[in-house]
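Working notes, structure below.
Protein chains: 2
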Amino acid sequence: MEKRKIIVYIATSVDGYIARKDGSVDWLDRPRAKGSHGIAGFFRSIDTILWGRKTYDFAMSMGGLSMFGSKVRNYIFTHRPPAQDAPDAEFVREPIDAVVKRLRAAPGKDIWMMGGAGIIASFLDAGAIDEFIINVVPVLIGEGIPLVEPSRRDVDLKLVATRPYPDGLVQLHYAVRPPAAVKKRPKPSSSVAE
Amino acid sequence: MEKRKIIVYIATSVDGYIARKDGSVDWLDRPRAKGSHGIAGFFRSIDTILWGRKTYDFAMSMGGLSMFGSKVRNYIFTHRPPAQDAPDAEFVREPIDAVVKRLRAAPGKDIWMMGGAGIIASFLDAGAIDEFIINVVPVLIGEGIPLVEPSRRDVDLKLVATRPYPDGLVQLHYAVRPPAAVKKRPKPSSSVAE
C-alpha cells in the first residue's frame, strides 16, 4: 500500500501571497484556462481535507464545505473548538504528530492540506508535509498573507513537475525532501542586526 | 529601433524571498545545472545595470562590480550619494521618471534591474518595469526580504515563458501589462481591520 501523502494544493500570487492581508482572494477571480488547471484530477486523488481554523471560518462564510461534496472528510485544527462538531467537519485539538500518525495508518487516498499559512507552517515544522502544488497566478498583489507563516526555517524541495497553462498560470509541483532535510537554523549571534 | 526593456532578473526562494532578513543569500549557493540557467545569454542582452543602494553596498562587500565586466554601465539609485562617483558606477539622485526617460531615449541594449525590493517597488510604481525573469530556487527559507517591498499594489503580468532546469530551478518569465494596468488599490474603508 502506498503511503497517503499530505499535499498543500494552493494558489499564490507571483509575489508569493495566498491572500490579501484581510484574507480576501478577489485577485483569484479571473478568466481561467479550460479544465481549471487540473483541479478535478487532484480532487479525485484525495479523500480528506485539513483546514486551519481561519481558513475554515473563511470557507464557511463563503457558503460552507458542501462544495467539496459529502465523500470528503474535513478536519479543522483549532485550539478553540466549538461546543459540538459540525455535520461535515471534525474539530481536532490533538498534537499534529498524533493526528498525522492516525491518518497515515488508516487506508485511504491522499490528503489535501488546504492551509492557511499558520497550519502549513506547523505541519512543515512537524515534518508532515509531503508535497506542494503551487498554482502561481500571473499577478503581483503587493502585500498579503505569505504561503507559509514566517519563521526561521529551511526546507529543501525537489521539483516534480512544472505545468504552464494558456491563461498564464504556472503550476509548480514540489516534493518536500525527507524530514532530516528540515533544518531549524540557529539564532544568529547578537551582533547581527535584524 | 526596439524599445530598451528594463528587466528584473532575480532569484527567489519558493516562498518568494530574495534574501534572508540580514541580506544573506547563502541558500543560493548550491549545485547548479550546467549553463547556470542561461545567465550568460541574458547578460549578453543587457549593457546597463540599475542598483538600489543596499544591493550595491552588498555587491561591493562581496568583491565589487568588476565581476560584471567593464562594458556595463552601473547606476546606483540613492538619496545619500557619496562625495564622488566610483570608477565603475554612477550615483543617481534624480526622479526615476527622468532617469528612465533618458535611458530609453539613448540607443542601447536592455537594462538589468538588479534590485533589491525597494527599488523594484519604486520602479514598478513608476510604471518603469517591463519584464520579470524570476529564478525560483527549490527551497523554502521561511522568512526574508520579499521580491517587491510590500505596499498596496496590483500589477497584472503576462506569462512569457516557463523554463524548468535539471537542478529543480524554474525560470518564470513575465511581461508587465501596460502601465494603465498598474492599479493602486484604494484604502479600505475604516471598518476593515488589518
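One line per chain: the protein sequences are A and B, in this order. With the first sequence counted from 1, adding 267 to any position gets you the working numbering. With the second sequence counted from 1, adding 267 to any position gets you the working numbering. Using N, Cα and C, we set each Cβ at its ideal position, and we do this for glycine too. This structure is a prediction, so every number in the text was calculated from the model and none was measured.
- CA-to-CA, the gap between B/Ile343 and B/Arg320 works out to about 6 Å.
- With the rule of 3 Cβ pairs closer than 8 Å, the region 324–340 of chain A does not count as touching the region 396–407 of chain A.
- By the 16-neighbour rule on beta-carbons within 10 angstroms, B/His304 is buried.
- Close to A/Glu398, with beta-carbon spacing below 8 Å, lies no residue of chain B; the smallest spacing is near 12 Å.
- When C-beta atoms of the region 294–314 of chain B are compared with those of the region 424–436 of chain B, three or more pairs fall below 8 Å, so the two segments count as touching.
- Shown in chain order are the members of the region 411–433 of chain A whose Cβ falls below 7 Å from a Cβ of chain B: Pro413, Leu414, Val415, Pro417, Ser418, Arg419, Arg420, Asp421, Val422, Asp423, Leu424, Lys425, Leu426, Thr429, Pro431.
- A direct Cα-Cα distance of roughly 21 Å separates B/Ile313 from B/Ala353.
- A residue is called buried once 16 or more other Cβ atoms fall within 10 Å of its Cβ, and A/Glu410 is buried on that count.
- With 16 or more other Cβ atoms from the protein chains shown falling within 10 Å of its own Cβ, A/Arg287 counts as buried.
- At least one C-beta of chain B is nearer than 8 Å to the C-beta of A/Gly435.
- In chain order, Arg420, Asp421 make up the part of chain B whose C-beta sits under 8 Å from the C-beta of A/Ile408.
- The residues Ala388, Asp392, in chain order, have a CB closer than 8 Å to that of B/Ser418 in the same chain once the five nearest residues on each side in sequence are set aside.
- For B/Phe358 and A/Thr279, the gap between their C-alpha atoms comes out near 36 Å.
- Looking at the DSSP output, B/His440 shares a beta bridge with B/Ile400, B/Ala428.
- Within chain A, Thr279, Ser280, Val281, Asp282, Gly283, Tyr284, Pro413, Leu414 have C-beta atoms less than 9 Å from the C-beta of B/Gly283, given in sequence order.
- Contact of B/Pro349 with chain A is not assigned, every C-beta pair being separated by 8 Å or more.
- Taking a Cβ-Cβ cut-off of 8 Å, the neighbours of B/Pro405 in chain A comprise Asp423, Leu424, Lys425, Leu426, Tyr441, given in sequence order.
- B/Gly382 is not a Cβ neighbour of B/Thr315, given a cutoff of 8 Å.
- Put simply, the CB of B/Trp318 is far from chain A, with every gap to its CB atoms at 8 Å or more.
- A/Pro445 counts as exposed, since fewer than 16 other C-beta atoms from the protein chains shown sit within 10 angstroms of its C-beta.
- For B/Ile408 against B/Trp294, the beta-carbon gap comes to about 5 Å, under 8 Å, which counts as contact.
- For the region 316–351 of chain B, the continuous alpha helix (DSSP H) assignments of 4+ residues that do not extend past its boundaries occur at 320–328, in sequence order.
- If you check the CB distance, B/Val281 and A/Tyr284 do not come in under 8 Å.
- The beta carbon of A/Trp379 does not come within 8 Å of any beta carbon belonging to chain B, so the residue lies off that interface.
- The bridge partners DSSP lists for B/Val359 are B/Phe344.
- DSSP links A/Leu407 through a beta bridge to B/Val422.
- Between B/Val443 and B/Val415 the beta-carbon gap is near 12 Å, outside 8 Å, which marks them as no contact.
- Our two residues, B/Ala356 and A/Asp434, have alpha carbons roughly 41 Å apart in a direct line.
- Going by C-alpha positions, B/Pro349 is about 15 Å away from B/Glu361.
- DSSP places B/Gly305 in the helix class (H, G or I) of the three-state scheme.
- It is roughly 10 Å from the alpha-carbon of B/Asn341 to the alpha-carbon of B/Ile378.
- The DSSP-derived three-state label of B/Val366 is helix.
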